[in-house]
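J.: Before I ask anything, let me first share the structure, which is written out below as structure tokens.
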């Protein structure tokens, strides 16, 4: 019986091997025929598409043949040119889309409130936490649900949910400190000069909870207390409260030292990373020297090798690869903007590689400065194109930030002083440009700033064009908080972008150049409007690193301005960009903050050198 079984099995295996060999030979013949029909150049594309593990569906769909659609070789038909072309696969650019720079909170989920638009004045209730399971604030008028809703829409990413949120929900003060950031951000984007009652009440409650934990030897320097204080500092950065920042930063420095250094903090190093870049952001916006402890940590944790296909937040401050594949692939970046960013990066490199005894880059810096200041502004673009696109507004924002930084480098002054010079120059150029343009209405001297395209990140709009991230809230009175919503988030498919409706579009009236107004305030207001018209709903998506650089430069430049609303707005933008990126790209954020600290320190160093050599006279190039 055993012999019979062995013979049967041997016969089966031989027949199976023979069938497999014949099928393999048939496939090889088919492959050879297709290769010879498409040529060697096209075969490289085929091999790339088949070997790419990210596109297996493409290969499988091509390789599967139904009974009604047999391959030309197997059916014995002659290959025609049409059949040969049809076998050429699409390039990988059309098969594989670029990965998003950050993953959204939830994808592939059709939420009910996104499908239906409630009628006017119809409330949707508070379904976020119907059983009040989240930690609640003590102040009765603070709505934790609505603040958390704003927080998730402004800052939420999937990486945050994976690495940060699980720790926050275990502690009341760590959780409520996130609402401090959300409330301060809400105040800033609504141009509130004085913080709202809810922001102050939340901040006081979090400080009280931190103090209670400090009195307990077991919790005074634990991760929850450090997280809560770090996020409290982040809210103070948005509020531009420098006195309170100094107080809190000294306190958290002592707490870290008691723990034994940044390396001893938990959450897989996330606490140390977040605290470090927050501290560097605070120093950069105030143009001061950051704590060496945080600078060294960021420098040690900012190196990483990236493949060319990786989508990362590249900027003039962060260039880990020889080129900028992410920026070059971006549909938001025009060729003109790309060239401008390259000039800024080159100017940064020349400036930071200078030494005290060697100024061989002076002529190069002057040439780059001249080139940067000659890029067309929104005024010039408006003359050639009556409708400015979001990409044009992106270029305008990048141009203004580039001119401010280039002026600071060429004149050897801090960014805050360079802003004054740039504002006066821009004001003069704008006035001369408008005087040469014939207008039917003299009051339309700044109509070039008002795009006919609708704002996508405005507190006055009731929609967003991106389901991923948005800070566009439902329609409400911006100073009536808690929110009195009149509509919920509408369906993306039902959005109307008609610019004739005043209900969906509001642009604040800017002062004309004919009135006697502060040119610095005018420039910052125009820049803010340009950024709002550039579609901030996704933080410029794959140009988020560039937006972070713009907000850092302008945030630092606006430090000494008496108008608190403008500098708070840019600080809130910088904080939002950093939080969106930090959990998925921690090395990139650390490197960006560290590089910006080098630029600020370099400008401060040349000012001190000029003071020692010639009293208060600063050394300038040229």
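In full-length UniProt numbering, the protein residues as written are 1 to 622.
Glycine is no exception: its CB is placed at the ideal position from the N, C-alpha and C atoms.
#1: Determine, using beta carbons only, whether residue 202 and residue 142 come nearer to each other than 8 Å.
#2: Grab the span of the alpha helix (DSSP H) containing residue 134 for me, first residue to last.
#3: So is residue 284 buried or exposed if we call it buried at 16+ other beta carbons inside 10 Å?
#4: Look up residue 350 in the DSSP assignment and say whether it is helix, strand or coil.
#5: Would DSSP call residue 570 helix, strand or coil?
#6: Within 8 Å (strictly less), CB to CB, does residue 604 reach chain D?
#7: Between 193, 256 and 199, which has its C-alpha nearest residue 221's C-alpha?
#8: How long is the line joining the alpha carbons of residue 350 and residue 175, rounded to whole angstroms?
#9: In whole angstroms, what separates the C-alpha of residue 600 from that of residue 414?
#10: Following the continuous alpha helix (DSSP H) through residue 175, name the residue where it begins and the one where it ends.
#11: Do residue 238 and residue 245 have their beta-carbon atoms positioned less than 8 Å apart in this structure?
#12: Are residue 603 and residue 401 touching if we call contact CB-CB under 8 Å?
#13: Measure the C-alpha to C-alpha separation of residue 665 and residue 572 and round it to an integer number of angstroms.
#14: Rounded to whole angstroms, what is the Cα-Cα separation between residue 412 and residue 243?
#15: With DSSP as the reference, please indicate the residues paired to residue 315 in a beta bridge.
#16: Mind checking which residues open and close the alpha helix (DSSP H) that includes residue 549?
#17: Alpha carbon to alpha carbon, what distance is there between residue 316 and residue 310?
#18: Measuring straight from C-alpha to C-alpha, what distance separates residue 218 and residue 526?
#19: Under 8 Å between the Cβ atoms of residue 540 and residue 529?
#20: Let me make sure I understand the geometry here. Which of 594, 537 and 192 has the alpha-carbon closest to that of residue 564?
#21: Of the residues 383, 346, 293 and 163, which one's Cα is nearest the Cα of residue 623?
#22: Nearest CA to the CA of residue 186: which residue from 570, 247 and 162?
#23: Using the C-alpha atoms, what's the distance from residue 367 back to residue 182?
#24: For residue 193, does the three-state DSSP call read helix, strand or coil?
#25: By the three-class DSSP mapping on this structure, what secondary structure does residue 260 have?
#26: Looking at the secondary structure, which residues open and close the alpha helix (DSSP H) in which residue 301 lies?
#27: My parser needs the alpha helix (DSSP H) runs of 4 or more residues fully inside the region 223-273; what are they?
#28: Would residue 557 pass as a contact of residue 418 if the rule is Cβ separation under 8 Å?
#29: On the three-state DSSP scale, how would you describe residue 343?
#30: Could you name the residues of the same chain whose beta carbon sits closer than 7 Å to that of residue 381, not counting the 5 residues immediately before and after it, in chain order?
#31: Is the beta carbon of residue 173 less than 8 Å from the beta carbon of residue 224?
#32: Suppose the cutoff is 6 Å on Cβ atoms and the five residues either side in sequence are ignored; what does the same chain contact list for residue 308 look like?
#33: If you follow the alpha helix (DSSP H) that residue 392 is in, where does it begin and where does it stop?
#34: Just curious, the alpha helix (DSSP H) that residue 517 is in, first and last residue?
#35: Do residue 375 and residue 340 come within 8 Å of each other at the CB atom, strictly closer than that value?
T.: In brief:
#1: yes
#2: Per DSSP, residue 134 belongs to no alpha helix (DSSP H) and is neither H nor E.
#3: Its Cβ being crowded by 16 or more others within 10 Å, residue 284 is buried.
#4: helix
#5: Residue state, collapsed to three classes: helix.
#6: Although the question refers to chain D, the structure presented lacks it and comprises just one protein chain.
#7: 256
#8: 44 Å
#9: 7 Å
#10: Boundaries of the alpha helix (DSSP H) harbouring residue 175: 172-189, taken from the DSSP string.
#11: no
#12: no
#13: Look at the range of the chain in this structure, 1 to 622, and you will see that residue 665 is not part of it.
#14: 27 Å
#15: 318
#16: 544-557
#17: 18 Å
#18: 51 Å
#19: no
#20: 192
#21: Given that the chain is displayed from residue 1 to residue 622, the structure contains no residue 623 and the question cannot be resolved.
#22: Taking only the C-alpha atoms, the option nearest residue 186 is 570.
#23: 43 Å
#24: coil
#25: coil
#26: That residue, residue 301, is in no alpha helix (DSSP H); it is neither H nor E in DSSP.
#27: 223-239 and 242-259
#28: yes
#29: The answer is helix: DSSP assigns residue 343 an H, G or I state.
#30: 388 and 392
#31: Yes, the Cβ-Cβ distance between residue 173 and residue 224 is below 8 Å.
#32: 325
#33: For residue 392, the enclosing alpha helix (DSSP H) starts and ends at 390-411.
#34: Unbroken run through residue 517: none, as it is neither H nor E.
#35: yes
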